[in-house]
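Comments concern the structure below.
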Amino acid sequence: MNFIPCEDCALRRLALFKKFTAPELSFVRALKNNQIDVPARRVIIEPGRFAGKLYTLYAGWAYRYKLTSTGQRQILQILLPGSLIGLQQLMLGDSESGVESLTPVTLCVLTGRSLDELFQRHSDLSEAMVVALTEEQRRADRRLALVAKQEWR
Numbered sequence: 057m058n059f060i061p062c063e064d065c066a067l068r069r070l071a072l073f074k075k076f077t078a079p080e081l082s083f084v085r086a087l088k089n090n091q092i093d094v095p096a097r098r099v100i101i102e103p104g105r106f107a108g109k110l111y112t113l114y115a116g117w118a119y120r121y122k123l124t125s126t127g128q129r130q131i132l133q134i135l136l137p138g139s140l141i142g143l144q145q146l147m148l149g150d151s152e153s154g155v156e157s158l159t160p161v162t163l164c165v166l167t168g169r170s171l172d173e174l175f176q177r178h179s180d181l182s183e184a185m186v187v188a189l190t191e192e193q194r195r196a197d198r199r200l201a202l203v204a205k206q207e208w209r
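Below, the structure written as structure tokens:
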């Protein structure tokens, strides 16, 4: 896929996503340093490895997984366009989960070194990110409760 400037991002036009102010768009534009296409069934992030990269899934589907003690993959989350990938690694230094593409995907490669600036200078944008992460945690809690309920039957 040809390089897509942040100003022309189709995801930005969807009601699901926060509308950026001009300073926020400028900040996000400065974060994006590349765009890559990844074929289907390729590992994007390996569990336990720190790649130091942060991605936004622009197109395609991927999934986040955890390796079981037998080496099998347990799917934790399906990732759709707009999903932020690699934040756990960036914030915690490593990740217990990995990410693999299900379909061919396009990733916006972001530099994570400006996250401090995000929290200091762009409070609305950082709040939107925290809300999204909180909603993700809520979905994970619901999935866990469903699994626990199934095991008791």
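Residue numbers for the sequence shown follow the numbering used here, so the first one is 57 and each next one is one higher.
Cβ coordinates follow ideal geometry from the N, Cα and C atoms, glycine included.
Roughly how many whole angstroms lie between the Cα atoms of THR214 and GLN133? Because residue 214 is not part of the residues shown, which for the chain are 57 to 209, the question remains open.
Whether GLN91 touches ILE141 by CB criterion (8 Å): No.
Starting from GLN144 and walking both ways along the alpha helix (DSSP H), at which residues does that stretch end? 143-148 is the span of the alpha helix (DSSP H), which, as asked, contains GLN144.
Expressed to the nearest angstrom, what Euclidean distance is found between the alpha-carbon atoms of THR167 and GLY104? THR167 and GLY104: Cα-Cα distance of roughly 20 Å.
Do you know whose CA, among PHE83, THR190 and ASP150, lies nearest PHE175's CA? Ranking the options by Cα distance to PHE175, first place goes to PHE83.
Cβ pair SER157, VAL94 closer than 8 Å: For the 8 Å CB-CB criterion, SER157 and VAL94 form a contact.
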